[in-house]
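FYI, UniProt numbering numbers position 106 of the sequence shown as 106, with every residue one higher than the one before it.
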Amino acid sequence: MEATRNRIRERRKRVNHAERAAMQTAALGRAREGRTCTNDLLIIAAYAAKGIDAHPRIDVFTFNAWKALHRHVRKGEHGIHVAIYAHKDTVKSDGTTEEQSFPVSAVVFHVTQTDPDTENVTA
C-alpha cells in the first residue's frame, strides 16, 4: 500500500507547472475540436435526467479542460463517464512512427458543477 502511494507521489512530482498548463490546454483543444460526436447524445441525456440543459463542447468539458478555462470542479461533484479514444505515436522497428488509438474512459462535468478560480484572476 505504501509503495503504491509513493509511486503516485513520484508521478505527481514529475509534472511541473508549465507541463500541467500545456496538458490542460491540450485537453481543452481536444474537447472543443473533437473528431466525433459519439458521446454527445449520452451527455445530453445524462444531464437531462439531472434537469440540466447541457451542450457538449460548449458547457461540458473534462476536469483538465475546465482547469484550462480557469475554473475548478467543486468538491463532491460527480461527472458523466464517457468513452474516448486516446492517441499515441509509436516507433516501429524500421524507424517510422505510427499513431495508435485505444479506448479510455473520461469524466466530463457541466459548467454548473464548476466555480471560477480566484487565484488566477488578475487585478
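Where is the CB? At the ideal position from N, CA and C, for every residue including glycine.
Predicted model, so just to flag it, every value in this text is computed and none were measured.
Nearest-angstrom Cα distance between residue i and residue j?
i	j	result
V111	D59	5 angstroms
Q24	S93	32 angstroms
E98	T62	27 angstroms
L28	A68	7 angstroms
D115	R74	7 angstroms
E2	K88	31 angstroms
H17	Q113	24 angstroms
G76	V91	41 angstroms
A49	F109	14 angstroms
E19	T96	26 angstroms
E33	T4	36 angstroms
Using only CA atoms, which one of the options lies nearest to residue i?
i	options	result
L42	H81, F102, V104	H81
I52	R5, P116, G79	G79
N39	D117, P56, K50	P56
N64	A45, A31, C37	A31
V107	K88, E119, T4, W66	W66
V70	T118, N16, E33	According to the sequence displayed, residue 70 carries His and not Val. Taking only the C-alpha atoms, the option nearest H70 is T118.
For residue i, is the classification buried or exposed, using 16 other Cβ atoms within 10 angstroms of its Cβ as the cut-off for buried?
i	result
A21	exposed
Y47	buried
A123	Note on A123: pLDDT 44, under 50, position unreliable in the model; the coordinate value appears next. A123 is exposed by the Cβ-count criterion.
A45	exposed
A54	buried
Between which two residues does the alpha helix (DSSP H) containing residue i stretch?
i	result
T25	17–32
If I follow the unbroken beta strand (DSSP E) through residue i, where does it start and stop?
i	result
D59	Where D59 is concerned, there is no enclosing beta strand (DSSP E), given that its DSSP letter is neither H nor E.
residue 126	Nothing can be reported for residue 126: it is not among the residues displayed for the chain, which extend from 1 to 123.
H81	80–91
D94	Per DSSP, D94 belongs to no beta strand (DSSP E) and is neither H nor E.
T114	114–116
R71	71–73
**Prompt:** Is the stretch 67–87 close to the stretch 99–111, with three or more CB pairs under 8 angstroms?
**Reply:** yes
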